[in-house]
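Trainee: Below is the structure I would like to discuss, written out as structure tokens.
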Amino acid sequence: MSSQKRTLGIFCALFANIIFGFSFIFSKTALSVSHPLVILAVRFTVAFLFMNILWAFRLFKINIKPLKNPTVWIMALAQPFLYFIFELYGLSLVSSALSGVVIALVPVAVMLLSSVILKEKPTFLQWIFTAVSIIGVSAISIISNDGGKNYVLGILLLIGAVICAALFNILSRKQSVHTSPFERTYLMFFVGFLGFNLTAVISLKEKFIPLVLQSVTDVKFIVSIIYLAIISSVLAFLLYNFATANITAVQASSFSNIITVVTVLAGVLILKERLSVLGYILCLLIILGVWGVNTFTKKRQNKKF
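402 is the number that this note's numbering gives the last residue of the sequence shown; the numbers go up by one with no jumps.
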């Protein structure tokens with residue numbers, strides 16, 4: 098792997114997770130006017146339609162043959178469909194502090210799975226700096242605790258989200274040998290489009306269509322969906338799927354903790370929320386951890402899968 102592609106992969110992973118970090122503001126805005134399942138259904142409908150527009154204008158190509166591989170379908174099922182379902186219902190049962198701590202374990206899950214599936218064994222220092230980031234995320238989640246009920250079911254659902262996120266990282270990298278970033282992203286949004294619309298129809302029944310029509314007449318909802326569907330879904334996942342092809346799964350997943358930093362700082366700068374000195378220190382700790390994971394890599398990380 099050339100150093101240029103590795104550097105580009107790092108920047109793509111960083112930029113994708115910065116976009117994910119800002120998505121919380123738009124999600125919060127959308128939730129103020131619509132039902133969570135309606136948001137997910139509309140978001141991935143718009144995202145899938147946008148991907149088809151890009152394909153129709155021949156900006157990207159799709160080779161159907163590699164998409165018949167069951168592994169790439171498991172990847173698409175894990176992210177975004179199962180991940181968002183587990184996270185959505187998990188967050189409804191536990192505090193945001195606990196959920197932040199559990200979700201921060203994604204890089205650890207990726208490290209364990211990458212050693213077994215991809216044969217990409219993390220270095221000792223990568224384990225150390227991953228722990229540094231997790232400590233930062235856990236601490237910043239705890240100091241911003243807004244209460245909640247720590248039900249066992251909620252924790253189990255969030256663990257399900259962690260497993261799905263880890264599987265996505267691993268399988269996206271594994272399938273990067275056979276499929277392009279666009280092909281993987283297209284399939285993800287096809288599954289998301291079908292899955293979230295079916296889930297919404299089954300859950301909301303006859304209320305689904307009226308809720309959709311009511312939501313799309315709200316300007317705040319439309320602006321939020323544009324960001325969530327086109328920027329935070331299409332652009333961000335294209336970047337991330339490109340990143341997983343050029344850096345290790347461990348490196349790519351380490352950037353997920355940057356989401357916490359971006360979300361916190363966006364709250365301070367845009368929503369005028371307050372952050373203590375300790376909060377800023379913890380943000381720096383998270384960044385230090387991510388830097389360490391991407392600096393102290395093995396000299397050669399060739400694909401062996």
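Every residue, glycine too, gets a C-beta built ideally from N, C-alpha and C.
Report the residue from K102, S100, I107 and F121 whose alpha carbon sits nearest the alpha carbon of L362.
Mentor: Residue mapping note: residue 362 aligns to position 265 of the sequence shown, counting from 1. The shortest C-alpha separation from L362 is found at F121.
Trainee: Per the contact definition of three or more C-beta pairs closer than 8 Å, is the segment 265-280 in contact with the segment 196-211?
Mentor: yes
Trainee: For L381, which residues from the same chain have a beta carbon less than 6 Å from its beta carbon, with the 5 sequence-adjacent residues on both sides left out?
Mentor: Walking along the sequence shown from the start, residue 381 turns up at place 284. Nothing meets the Cβ criterion.
Trainee: Give me the Cα-Cα distance between A144 and N160, rounded to the nearest whole angstrom.
Mentor: Numbered from 1 along the sequence shown, position 47 holds the residue referred to as residue 144. Numbered from 1 along the sequence shown, position 63 holds the residue referred to as residue 160. Approximately 20 Å between the Cα atoms of the pair.
Trainee: Determine the DSSP secondary structure at F155, reduced to helix, strand or coil.
Mentor: The residue labelled residue 155 in the question sits at position 58 within the sequence shown. According to the sequence displayed, residue 155 carries Arg and not Phe. Coil at R155, not helix or strand.
Trainee: Secondary structure at F393, three-state DSSP: helix, strand or coil?
Mentor: Taking the sequence shown and counting its residues from 1, one reaches residue 393 at position 296. Here F393 sits in coil by DSSP.
Trainee: Count the other CB atoms, across all protein chains shown, that sit within 10 Å of the CB of R140; report buried if there are 16 or more and exposed otherwise.
Mentor: For the purposes of this step, residue 140 is identified with residue 43 of the sequence shown, where counting begins at 1. When all chains shown are included, R140 counts as buried.
Trainee: Pull up the distance between the alpha-carbon of S235 and that of T357, whole angstroms please.
Mentor: Residue numbering aside, residue 235 sits at position 138 when the sequence shown is read from its first letter. Residue numbering aside, residue 357 sits at position 260 when the sequence shown is read from its first letter. Going from the Cα of S235 to the Cα of T357 covers about 10 Å.
Trainee: Note the first and the last residue of the continuous alpha helix (DSSP H) segment covering P163.
Mentor: For the purposes of this step, residue 163 is taken as residue 66 along the sequence shown, with counting starting at 1. That residue, P163, is in no alpha helix (DSSP H); it is neither H nor E in DSSP.
Trainee: Please state whether DSSP places T360 in a helix, a strand or coil.
Mentor: In the sequence shown, residue 360 corresponds to position 263, counting from 1. If DSSP states are grouped into helix, strand and coil, T360 belongs with the helices.
Trainee: Do K102 and N343 have their C-beta atoms closer together than 7 Å?
Mentor: Residue mapping note: residue 102 aligns to position 5 of the sequence shown, counting from 1. Residue mapping note: residue 343 aligns to position 246 of the sequence shown, counting from 1. Yes, they are a contact pair.
Trainee: If you draw a straight line from the C-alpha of F154 to the C-alpha of M148, how long is it?
Mentor: Here the question's residue 154 lines up with position 57 in the sequence shown. Here the question's residue 148 lines up with position 51 in the sequence shown. As the crow flies, the alpha-carbon of F154 is around 10 Å from that of M148.
Trainee: Kindly provide the ranges of any alpha helix (DSSP H) runs that are 4 or more residues long and lie completely inside the segment 230-317, ordered along the chain.
Mentor: For secondary structure counted as the alpha helix (DSSP H) over 4 or more consecutive residues, the segment 230-317 holds these complete runs in sequence order: 249-272, 278-301 and 305-312.
Trainee: On the three-state DSSP scale, how would you describe A326?
Mentor: The count along the sequence shown starts at 1 and reaches residue 326 at position 229. Looking at A326 - three-state DSSP - the assignment turns out to be helix.
Trainee: The alpha helix (DSSP H) spanning A175 covers which residue range?
Mentor: Within the sequence shown, the letter at position 78 stands for residue 175. It is not in any alpha helix (DSSP H) - A175 carries neither H nor E in the DSSP assignment.
Trainee: Who are the Cβ neighbours of I105 in its own chain at under 7 Å, not counting the five residues just before and after it?
Mentor: Here residue 105 refers to the residue found at position 8 of the sequence shown. In the sequence under discussion, the amino acid at residue 105 is Leu, which differs from the Ile named in the question. Only N343 meet the Cβ criterion.
Trainee: Determine, for R270, whether the minimum Cβ-Cβ distance to residues of chain C falls below 7 Å.
Mentor: In summary, chain C is missing from the structure at hand, where a single protein chain is found.
Trainee: If you compare alpha carbons, which of P307, I322 and K271 is closest to K216?
Mentor: Sequence index remark: in the sequence shown, residue 216 carries index 119 (1-based). Checked all of P307, I322 and K271; the closest Cα to K216 is K271.
Trainee: Consult DSSP for F102 and reduce its assignment to one of helix, strand or coil.
Mentor: The residue given as residue 102 occupies position 5 in the sequence shown. For clarity, residue 102 is Lys in the given sequence; the question names Phe instead. Note: K102 maps to helix in three-state DSSP.
Trainee: The alpha helix (DSSP H) spanning N343 covers which residue range?
Mentor: Residue numbering aside, residue 343 sits at position 246 when the sequence shown is read from its first letter. A333 to N343 is the span of the alpha helix (DSSP H), which, as asked, contains N343.
Trainee: Taking the alpha carbon of A258 as the point to measure from, which residue in K369, H132 and L202 has its own alpha carbon closest?
Mentor: Mapped onto the sequence shown, residue 258 falls at position 161. Comparing Cα-Cα distances from A258 to each of K369, H132 and L202, the minimum goes to L202.
Trainee: Can you find the residues in the same chain that come closer than 7 Å, C-beta to C-beta, to L66, ignoring five residues on each side of it along the sequence?
Mentor: Residue 66 is absent from the structure shown; the chain starts at 98 and stops at 402.
Trainee: Just the C-alpha distance for L188 and L195, rounded to the nearest angstrom, thanks.
Mentor: Position 91 of the sequence shown, counted from the start, is the residue given in the question as residue 188. Position 98 of the sequence shown, counted from the start, is the residue given in the question as residue 195. Cα-Cα distance, rounded: 9 Å.
Trainee: Given this structure, state the Cα-to-Cα distance separating F279 from S321, to the nearest angstrom.
Mentor: Position 182 of the sequence shown, counted from the first residue, corresponds to residue 279. Position 224 of the sequence shown, counted from the first residue, corresponds to residue 321. One C-alpha to the other measures close to 23 Å.
Trainee: Taking the CB atoms as reference points, tell me whether A173 and M285 lie closer together than 7 Å.
Mentor: Taking the first residue of the sequence shown as position 1, residue 173 is located at position 76. Taking the first residue of the sequence shown as position 1, residue 285 is located at position 188. The answer is yes: Cβ separation under 7 Å.
Trainee: Return the CA-CA distance between V390 and L310, expressed in angstroms with no decimal places.
Mentor: Within the sequence shown, numbered from 1, the residue matching residue 390 stands at position 293. Within the sequence shown, numbered from 1, the residue matching residue 310 stands at position 213. The alpha-carbon atoms of V390 and L310 are separated by roughly 46 Å.
Trainee: Could you check where the alpha helix (DSSP H) with P204 kicks off and where it finishes?
Mentor: Stepping through the sequence shown from its first residue, residue 204 is reached at position 107. Counting along the chain, P204 sits inside the alpha helix (DSSP H) bounded by residues V203 to L210.
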